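Notes follow once the structure below has been shown.
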Amino acid sequence: MLGAYTGKILRVNLTTRKINMERLDEEKARKFIGGKGLGAKILYDSLKPGVNPLSPENILIFASGPLTATLAPTSARWAVVTKSPLTNIFLDCQVGGYFGAAMKLAGFDCIIVEGKADKPVYLWVHDKNCEILDADFLWGKGCFETEEILKKRLGLNVRVASIGPAGENLVRYACISVDKYRQAGRGGAGAVMGSKNLKAVAVQSSGHKIRYADPEGFRKAANEALRVIKENSFIPLRRKYGTPIWVSPVNKAALLPTKNFRTGVFEKADEISGETMRKKIVFKDGTCYNCIIQCWKYTHVKSGKYKFDELAGPEYESIALLGSNCGVGSIEAVAYANMLCDNLGLDTISTGNTIAFAMECFEKGLLTLKDTDGINLKFGNAEAEFEMIKKIANREGIGNLLGEGVRRASKKIGKGSEKFAMHVKGLEIPGYDPRGAFGMALAYATSDRGACHQRAWTVRAEISGELAPRFSTKGRAKFVKETQDERAMCFSLVLCDFAPLKIEHFVKLLNTATGFNFTVEDYLKTGERIWNLTRLFNVREGITREDDTLPPRFMEEPLPEGVTKGQVVTKEMLNQMLDEYYTLRGWDENGIPTKEKLKELELI
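Taking the numbering used here as reference, the numbering of the sequence shown is continuous, increasing by one, and the terminal residue is 789.
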């Protein structure tokens with residue numbers, strides 16, 4: 186048996202209530218590793234084209250990687266893989282916290298959920314076994330209360346992944362709440378759980394011992410990785426402020442989403458910055474399993490209309506989308522909105538993006554007070570944002586339409602609103618305006634799950650001058666392609682992309698843990714294989730070059746102020762980058778992998 190893997194997969198069919206223990210296919214593990222990669226392979230092999238993501242035929246995969254729960258720093262990570270009800274294409278979400286480690290230490294590399302229960306249930310995974318239990322008593326409850334109840338019932342050392350009302354009501358961007366304050370956030374994995382009447386998965390470590398192929402070699406590799414992280418100059422800032430440290434520099438670079446991406450400069454950015462957050466509402470730091478970075482920032486508001494007891498966040502993306510993008514300039518208000526989303530089970534990025542879209546529709550007269558049930562849905566109205574979050578989660582009134590996401594909502598509203606519906610392939614744009622970072626334009630256009638900053642985050646390289654000149658397409662295709670391949674591997678190991686490690690570190694960790702004999706070239710080739718597999722899944726669902734595009738606003742409306750004033754991503758610029766990107770990928774002019782490339786990657 187390979188080192189580091191448990192060698193077992195738990196498969197649960199909720200329709201038949203059958204529970205099976207399967208052996209991990211070692212050849213698949215070598216070719217697709219774990220996490221995102223292994224999950225993608227299982228999904229690709231399991232689904233027929235055109236499966237409705239909210240039907241019993243879709244599957245939900247919780248996948249750890251060979252490095253999950255090991256001595257490697259940042260080894261908390263794991264992946265949720267499914268077909269997205271928001272985009273109708275491939276979806277993987279990378280998750281931190283403690284659940285992934287508990288699943289691995291419970292003796293399972295993956296949990297695969299099929300079918301649909303005839304009533305609400307939860308899974309109780311313990312003692313290397315699984316039970317399907319009644320969850321009527323949990324249905325309708327928020328994520329926070331759900332976890333608290335299950336911990337009281339099953340034990341405080343139990344780890345929980347659950348959905349809130351948004352998932353139960355099949356909001357297309359409902360998330361899965363993990364360890365209370367971490368999320369499988371994007372693309373509607375929570376709605377997939379809800380469609381299966383699966384309220385939660387509770388896991389208890391059974392004390393499974395991870396066996397390393399080369400214990401001493403792995404210990405040395407892990408210690409070296411730890412040393413590199415400790416000595417990185419940026420880690421102290423990330424530890425002090427978390428991801429919100431990026432609010433001020435991104436605003437200064439004129440890339441901060443503001444009022445539905447109409448500008449990249451927010452006049453109240455200082456009031457929602459990481460520095461302000463640390464000063465006003467942070468009360469302690471936290472961390473994921475086996476991580477010294479400590480990027481969690483626990484916050485609370487002790488009094489006033491935004492009072493709440495505890496939250497781990499908001500993160501940068503939540504601040505950008507629930508804050509500046511909705512014109513909300515109070516860190517307390519943003520944190521309160523984030524708390525509502527987390528408890529109700531909503532992706533903060535898609536929620537903030539969708540509400541900002543509705544605010545612009547309201548401002549333009551495309552939505553009226555009658556449509557909004559009397560809510561004055563103006564930019565900057567935090568109370569209106571709070572009410573809209575609740576309506577979306579419960580699919581009440583206009584929340585029923587907005588719960589479909591901006592692509593579907595704009596098609597329903599019409600009247601030109603499609604031009605400022607900010608999404609790619611149905612997934613709402615996250616926290617960076619690509620008109621001032623052209624690499625992000627290509628990254629959004631080509632991401633395998635729709636608009637995503639995690640697959641190829643070019644922002645730091647572009648505003649720092651590493652990718653120069655800044656307002657140029659030069660070198661972006663190569664940077665994006667290589668970063669996507671590297672991230673595909675990182676998300677399959679699974680380690681955190683915040684770890685400032687080089688490929689050589691990852692290769693040493695992987696080889697000494699598993700017994701593989703990967704070179705750097707093998708490592709990158711495997712990442713490329715995984716990326717091409719997810720592209721094949723999407724091509725099978727009908728994705729072509731036409732879908733590798735951006736919202737009209739980015740391609741037609743220049744940014745109005747700041748250092749990015751006048752910048753726009755023209756159709757010609759995007760096509761130039763796509764041509765270069767497809768060539769580097771070995772895809773044809775329509776973005777479809779060629780037979781030669783697929784043979785090279787052993788995908789056919």
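Glycine is no exception: its CB is placed at the ideal position from the N, C-alpha and C atoms. These numbers come from a predicted model, not from an experiment.
Cβ contact (3+ pairs, closer than 8 Å) linking the region 673-681 and the region 705-712: In the pairwise beta carbon analysis, the region 673-681 is classified as touching the region 705-712: at least three pairs are separated by under 8 Å.
Runs of alpha helix (DSSP H) lying entirely within the region 430-479, each at least 4 residues, in chain order: Whole alpha helix (DSSP H) segments, 4+ residues: 432-437, 459-465.
As assigned by DSSP and simplified to three states, the class of L788: Here L788 sits in coil by DSSP.
Distance between M758 and M206 (C-alpha atoms, nearest Å): One C-alpha to the other measures close to 51 Å.
T643 vs G449 beta-carbon contact at 8 Å: The beta carbons of T643 and G449 sit no closer together than 8 Å.
Secondary structure, beta strand (DSSP E): runs of 3+ residues fully inside the region 325-351: The region 325-351 contains these whole beta strand (DSSP E) runs: 344-347.
Rounded C-alpha distance that separates F275 from G611: Cα-Cα distance, rounded: 12 Å.
Cβ distance (whole Å) where A622 is taken to contact M762 below 8 Å: In fact, because the Cβ distance is near 12 Å, the residues do not count as touching under 8 Å.
Outcome for G352 when other beta-carbon atoms lying within 10 angstroms are tallied against a minimum of 16: Under this definition G352 is a buried residue.
Distance CB(I297)-CB(G250) smaller than 8 Å: Not a contact, by the Cβ cut-off of 8 Å.
Residue(s) in a DSSP beta bridge with Q639: In the DSSP assignment, no residue is bridged to Q639.
Beta-carbon proximity of P258 to C480, cut-off 8 Å: Not a contact, by the Cβ cut-off of 8 Å.
Beta-bridge pairing of V197 - partner residues as DSSP gives them: V197 is bridged by DSSP to I204, V298.
Whole-angstrom distance between N445 and R738, CA atom to CA atom: When rounded, the distance between both Cα atoms is 10 Å.
Contact between the region 290-306 and the region 369-385 (3+ Cβ pairs under 8 Å): Contact between the region 290-306 and the region 369-385 is present, because at least three Cβ pairs lie under 8 Å.
Cβ shell of D670 (< 7 Å), same chain only, five flanking positions each side left out: The beta carbon of D670 is closer than 7 Å to those of L709, G712, E713, W716 in its chain, skipping five residues each way along the sequence.
Inter-residue spacing [alpha-carbon to alpha-carbon] between R412 and G282: Using only the alpha carbons, I get a separation of about 22 Å.
Residue from I777, N342, K563 with nearest C-alpha to F547: Closest option to F547, Cα to Cα, is K563.
Pairwise C-alpha distance: V310 and R338: Whole-angstrom Cα-Cα distance: 14 Å.
Outcome for V705 when other beta-carbon atoms lying within 10 angstroms are tallied against a minimum of 16: Exposure of V705 is indicated by the presence of fewer than 16 other C-beta atoms within 10 angstroms of its C-beta.
C-beta contact flag for A376 and L239 at 8 Å: Yes.
Which listed residue (T699, V609, F605) has its alpha carbon closest to that of D399: Comparing Cα-Cα distances from D399 to each of T699, V609, F605, the minimum goes to T699.
For F493, the three-state DSSP class (helix, strand or coil): It is a strand residue.
Three-state secondary structure (DSSP) of H393: Here H393 sits in coil by DSSP.
Test item: CB-CB of L232 and K268 under 8 Å: Yes, the Cβ-Cβ distance between L232 and K268 is below 8 Å.
Residue span of the beta strand (DSSP E) that contains W309, given as start and end: Run containing W309: 306-311, per the beta strand (DSSP E) assignment.
Residue environment, K600, which counts as buried when at least 16 other CB atoms sit within 10 Å: With a 10 Å radius around the Cβ and a threshold of 16 neighbouring Cβ atoms, K600 comes out exposed.
Inter-residue spacing [alpha-carbon to alpha-carbon] between S458 and N561: Annotation: S458 to N561 spans about 26 Å, alpha carbon to alpha carbon.
Secondary structure of C278, DSSP reduced to three states: C278 falls in the strand class under three-state DSSP.
4-residue-minimum alpha helix (DSSP H) runs that sit fully inside the region 540-576, ordered along the chain: The region 540-576 contains no whole alpha helix (DSSP H) run of 4 or more residues.
I414 burial status per 10 Å Cβ neighbour count (16 or more: buried): It counts as buried.
Per DSSP, the bridge partner or partners of P615: According to DSSP, which records beta bridges pairwise, P615 is partnered with nothing at all.
Rounded Cβ spacing between A359 and L531 (contact assumed at less than 8 Å): Your pair A359 and L531 checks out as a contact, with CB atoms roughly 6 Å apart and the cut at 8 Å.
Sheet register partners of C681 (DSSP bridge): Beta-bridge analysis with DSSP links C681 to no other residue.
Candidates L441, A454, L496: closest to F468 by CA position: Distance check between F468 and each of L441, A454, L496 places L496 closest, using alpha-carbon atoms only.
contact_flag[the region 340-349, the region 520-531] where n(CB pairs < 8 Å) is 3 or more: With the rule of 3 Cβ pairs closer than 8 Å, the region 340-349 counts as touching the region 520-531.
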